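Each remark here refers to the structure printed beneath this line.
In the numbering used here, the protein residues as written are 78 to 300.
In structure tokens:
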């Protein structure tokens, strides 16, 4: 399957009934093995790739995963033993990084609503005791954020929205890291966080889509 941006879809949210698409694999695999910037420790050794299905999500620029993980790691300042929640987690790009950062004494909750991406994550983290993969709309998993030290979210173009921002605020992590591909929805959600007493400590912008007007923003919020 081709790499796709897929941000127009409401990934990680309650969706309309799925459309059944018939297909036939003529030759080769129905999945693409994408390299991970951070290998996942599995029971049979480290896993350095993730199997992405054609309906799933992965970054379109081949250097984007590494650039995003590097930026998120710098802003999130996750410590060994932390509890991290990765919302709109897709196939597990940031979950893989977080699992390595928190170590065996920490924990990572990976929440993704899309069946295909969540299935990829479940396969990737099978046997990884520190990671819990939950297939659910983010709005339905807000109760699980309590006790999180760091919450990371990478929503679709529609952004997180008021309900999710309220859930983040109620959970009270020490840090929220927001990865955004749409400036308008990010500005709306950032304004909501600021109104609730959060402060944007740092913001970095990445040009992941050369020769287009699209930019990716990564911001960290703290109390």
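Just so it is clear, CB atoms sit at the ideal spot from N, CA and C, and this is done for glycine as well. Bear in mind the structure is a predicted one, so any value in this text is a computation, not a measurement.
Exercise for review: Would you kindly report the start and end of the unbroken beta strand (DSSP E) that includes residue 115?
Suggested key: 109-119
Check your understanding: At which residues does the alpha helix (DSSP H) containing residue 263 begin and terminate?
Key -> 260-272
Exercise for review: Assign residue 296 to one of three DSSP states: helix, strand, or coil.
Suggested key: strand
Check your understanding: What did DSSP end up calling residue 216 once you bin it into helix, strand or coil?
Key -> helix
Point to revise | Beta-carbon separation (whole angstroms), residue 170 vs residue 185, contact threshold 8 Å | key: Going by Cβ atoms, the distance from residue 170 to residue 185 rounds to 12 Å, so no, they are not a contact pair.
Review point. Just checking my contact of residue 129 with residue 108 at CB under 8 Å: how many whole Å lie between their CB atoms?
Key: 6 Å
Review point. Which value, in whole angstroms, describes the spacing of the CA atoms of residue 187 and residue 173?
Key: 10 Å
Review point. In chain order, what residues of the same chain lie with their CB nearer than 6 Å to the CB of residue 256, ignoring the 5 residues before and after it?
Key: 231, 295
Check your understanding: For the beta strand (DSSP E) that residue 184 lies in, which residues bound it at each end?
Key -> 184-189
Exercise for review: Indicate the three-state DSSP secondary structure (helix, strand or coil) for residue 250 in the structure shown.
Suggested key: coil
**Study point:** Residue burial classification, residue 189 (beta-carbon count within 10 angstroms, cutoff 16)
**Key:** buried
Review point. Around the C-beta of residue 126, are 16 or more other C-beta atoms found within 10 angstroms, so that it is buried, or is it exposed?
Key: exposed
Check your understanding: Looking only at its own chain, which residues have a Cβ that is under 6 Å from the Cβ of residue 199, when we skip the five neighbours before and after it?
Key -> 210
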